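Numbering (our numbering), first residue to last: 326 to 623. Reviewing the structure listed below.
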Ligand SMILES: [Zn+2]
């Protein structure tokens with residue numbers, strides 16, 4: 326048991342539950358900034374700022390039933406029977422090379438990504454690059470409005486293994502992916518991520534971002550490392566951090582290959598802890614990240 330992680334999570338859990346209690350988060354006494362209703366500054370470094378852009382409104386709880394491997398005793402002991410604090414979000418890196426969006430949220434009437442960008446003075450057309458972790462709808466949904474591309478100028482980078490895996494799926498399952506990739510086909514780039522975490526950096530994307538293969542949740546799921554900020558954007562490594570930080574062997578129903586997902590989760594968590602990185606995740610509760618550099622490793 327890692328006590329410091331538990332303390333962090335308890336703080337995050339308390340915050341997220343407080344937010345959930347606030348309903349839409351627009352109440353007069355809602356917590357400022359860190360609740361995600363405005364962009365949250367995750368990390369700033371020389372010539373670089375990274376923001377958490379929460380896509381959903383208010384708080385979000387993942388039902389415990391989404392984690393069938395989680396023992397009931399554990400769920401009870403953490404007090405998360407009513408749901409595990411979570412969110413849906415994306416990240417923005419403002420770099421010397423341009424503005425980079427990591428995933429795009431759900432889109433549609435529920436999605437708030439463009440509102441968050443707007444509060445930073447950015448329009449969708451201002452985004453220079455989009456780096457995609459994987460092809461689930463809560464990550465690529467924001468790329469489209471109806472049949473039109475939302476981000477009219479962005480160069481889009483997708484993991485090649487993810488692209489190939491989805492293209493091999495049945496037509497009804499891949500329709501959103503096909504439609505979306507088609508809308509961006511003139512500015513679509515295939516990425517071949519590094520296989521071993523933090524090993525080698527010959528694949529470097531604009532902004533100095535290095536992609537690493539982190540499969541299991543989906544076949545080509547990819548995490549992105551911003552070395553300059555000591556930050557790893559881990560996509561859907563976890564859907565219920567309160568459970569999975571201490572128990573990486575627990576999968577969510579969404580994980581396509583559970584055994585591979587669990588191994589990847591353990592490996593990435595070990596990497597961010599050992600190296601004292603900031604871990605940013607698309608389904609972490611507010612404030613969307615955990616700073617493992619804030620305290621020395623055990
Ligand atoms: Zn997701």
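All C-beta atoms in this analysis are idealised placements derived from N, C-alpha and C, irrespective of residue type, glycine included. All values derive from a computational prediction rather than experimental measurement.
Can you tell me which of the options puts its alpha carbon nearest to the alpha carbon of residue i?
i, options, result
"residue 485", "454, 422, 543 and 574", "543"
"residue 572", "608, 549 and 592", "592"
"residue 399", "508, 605, 466 and 567", "567"
"residue 557", "613, 462 and 383", "613"
"residue 549", "482, 397 and 619", "482"
"residue 427", "536, 578 and 385", "536"
"residue 530", "422, 521 and 409", "422"
"residue 513", "584, 453 and 561", "453"
"residue 418", "393, 451, 569 and 488", "451"
"residue 431", "457, 443 and 468", "468"
"residue 477", "510, 464 and 458", "510"
Would you kindly work out how many angstroms separate the C-alpha atoms of residue i and residue j, rounded to a whole number?
i, j, result
"residue 415", "residue 388", "21 Å"
"residue 502", "residue 538", "20 Å"
"residue 494", "residue 506", "15 Å"
"residue 345", "residue 424", "The pLDDT assigned to residue 345 is 41, lower than 50, so where the model puts this residue is not dependable, and the model offers no usable value."
"residue 581", "residue 436", "24 Å"
"residue 375", "residue 491", "29 Å"
"residue 349", "residue 362", "At residue 349 the pLDDT is 39, less than 50, meaning the model places this residue with poor confidence and gives no usable figure here."
"residue 619", "residue 561", "23 Å"
"residue 601", "residue 594", "10 Å"
"residue 577", "residue 446", "36 Å"
"residue 587", "residue 605", "18 Å"
"residue 504", "residue 496", "11 Å"
"residue 465", "residue 402", "35 Å"
"residue 583", "residue 552", "29 Å"
"residue 540", "residue 603", "20 Å"
Would you list the residues sitting across from residue i in a DSSP beta bridge?
i, result
"residue 378", "415"
"residue 454", "425 and 480"
"residue 616", "603"
"residue 368", "375"
"residue 537", "519 and 548"
Where does residue i sit, in a helix, a strand or coil, going by DSSP?
i, result
"residue 464", "helix"
"residue 397", "helix"
"residue 607", "coil"
"residue 524", "coil"
"residue 344", "Because the pLDDT at residue 344 is just 42, under 50, the model does not fix this residue reliably, and the value given afterwards should be weighed accordingly. Looking at residue 344 - three-state DSSP - the assignment turns out to be helix."
"residue 505", "helix"
"residue 551", "strand"
Check the Cβ-Cβ distances between residue i and every residue of chain D, and say whether any is below 8 Å.
i, result
"residue 541", "Structure shown: chain D not included; a single protein chain is present."
Q) Who sits around ligand 1, taking every residue whose Cβ is closer than 6 Å to one of its heavy atoms? A) Any heavy atom of ligand 1 counts here; residues with a Cβ closer than 6 Å to one of them, in chain order, are 461, 463, 464, 561, 607 and 608.
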